[in-house]
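119 is the number of the first residue of the sequence shown in my numbering; add one for each residue after it.
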Amino acid sequence: MMPKVNAMVWVGVVLRLGGYAAVLGWGWMLQAPAATVDATSADPPQKPLVVKVGKLSAVAPETWKDEKPSNRLRSYQFRLPGGSGLPDAEIAIYPESHPSPEKNFPRWQAQFVPPEGKTLSDISRVGVWELPAAKAHYLDIQGTWKYRERPKDPSSKEMILENYRAIWVIVVEKDEATHIRFSGPAPVVEKHYKSFEQWIKSLK
Numbered sequence: 119m120m121p122k123v124n125a126m127v128w129v130g131v132v133l134r135l136g137g138y139a140a141v142l143g144w145g146w147m148l149q150a151p152a153a154t155v156d157a158t159s160a161d162p163p164q165k166p167l168v169v170k171v172g173k174l175s176a177v178a179p180e181t182w183k184d185e186k187p188s189n190r191l192r193s194y195q196f197r198l199p200g201g202s203g204l205p206d207a208e209i210a211i212y213p214e215s216h217p218s219p220e221k222n223f224p225r226w227q228a229q230f231v232p233p234e235g236k237t238l239s240d241i242s243r244v245g246v247w248e249l250p251a252a253k254a255h256y257l258d259i260q261g262t263w264k265y266r267e268r269p270k271d272p273s274s275k276e277m278i279l280e281n282y283r284a285i286w287v288i289v290v291e292k293d294e295a296t297h298i299r300f301s302g303p304a305p306v307v308e309k310h311y312k313s314f315e316q317w318i319k320s321l322k
């Protein structure tokens with residue numbers, strides 16, 4: 119019985135005479151191990167990004183692609199992969215914002231259109247995540263989004279985004295508040311929801 123080996127290849131002894139090759143024999147031999155990669159020549163790993171939210175902070179998940187904010191109101195902007203032909207989701211962070219969910223949530227809800235026979239309350243979910251040094255009030259809503267990049271600017275073009283989901287979070291500390299918006303196609307937001315919630319709860 120042939121002894122077991124990790125990998126085997128046929129090797130022929132070949133002599134080249136006047137441009138002609140003659141195979142003289144065959145045998146078994148162990149395949150040479152793959153060449154090792156010099157660690158010094160590889161690209162260095164990306165340094166984890168610590169995201170600051172007011173006086174709190176937490177490391178962004180590896181799946182969040184850091185982008186240059188699209189406007190000056192944002193301190194951070196991230197792209198989360200969509201897949202399956204769907205657009206990516208986005209996370210935008212707005213520092214020094216208004217702390218009241220009672221004032222902000224109705225305004226954000228009004229950007230959505232519920233399906234026929236349902237109300238905005240039917241497609242919304244509100245709650246609070248208790249953090250060690252803050253409270254995170256959230257509005258989770260799904261439906262048809264009448265999206266404007268600059269909602270208060272009449273010249274900002276309105277886009278109709280069907281089956282979109284947006285999660286607004288107001289992180290309220292003692293002296294300041296930060297708005298965080300996680301939005302995108304509903305299936306994409308659902309795919310990344312757990313990591314987003316865990317990140318919010320890790321702020322300290």
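We put the beta carbon where it would ideally sit given N, CA and C, even for glycine.
{"query": "What did DSSP end up calling Lys221 once you bin it into helix, strand or coil?", "result": "helix"}
{"query": "Using a Cβ-Cβ cutoff of less than 8 angstroms, which residues in the same chain neighbour Ala304 once the five nearest sequence positions on both sides are dropped?", "result": "Gln260, Asn281, Tyr282 and Arg283"}
{"query": "Grab the span of the beta strand (DSSP E) containing Ala176 for me, first residue to last.", "result": "Leu174 to Val177"}
{"query": "Which one of Ala252, Gln227, Ile288 and Tyr265 has the shortest CA to CA distance from Met277?", "result": "Tyr265"}
{"query": "For the segment 298 to 317 and the segment 199 to 211, state whether three or more C-beta atom pairs, one from each stretch, are separated by less than 8 angstroms.", "result": "yes"}
{"query": "Less than 8 angstroms between the CB atoms is what I'm expecting for Asn222 and Ile318, so what's the real figure, rounded?", "result": "Not quite, the Cβ-Cβ distance comes to about 17 angstroms (not below 8 angstroms), so this is no contact."}
{"query": "In this structure, what does DSSP give as the bridge partners for Lys253?", "result": "Glu248 and Val290"}
{"query": "Using only alpha-carbon positions, find the residue among Trp182, Leu204, Ser202 and Val231 that is nearest to Gln195.", "result": "Trp182"}
{"query": "Between Ile241, Val171, Lys292 and Leu321, which has its C-alpha nearest Trp226's C-alpha?", "result": "Ile241"}
{"query": "Among all the DSSP beta bridges, which residues are the ones paired with Lys186?", "result": "None, per the DSSP bridge assignment."}
{"query": "Provide the residue(s) that pair with Gly235 in DSSP beta bridges, ordered along the chain.", "result": "Its beta-bridge partners do not exist; DSSP assigns none."}
{"query": "Among Gly172, Pro166, Lys173 and Ala207, which has the Cα closest to the Cα of Phe314?", "result": "Ala207"}
{"query": "What residue range is occupied by the uninterrupted beta strand (DSSP E) comprising Ala228?", "result": "Run containing Ala228: none; DSSP gives neither H nor E here."}
{"query": "Mind checking Ala228: buried by the 16 CB within 10 Å criterion, or exposed?", "result": "exposed"}
{"query": "From the DSSP output, in three-state form, read off His297 for me.", "result": "strand"}
{"query": "In whole angstroms, what separates the C-alpha of Leu321 from that of Ser273?", "result": "36 angstroms"}
{"query": "How many Å lie between Gly172 and Pro199 at the Cα?", "result": "26 angstroms"}
{"query": "Whole angstroms is fine: what's the gap from Leu108's alpha carbon to Ala178's?", "result": "A query on residue 108 cannot be resolved here, the shown segment of the chain reaching from 119 to 322 and no further."}
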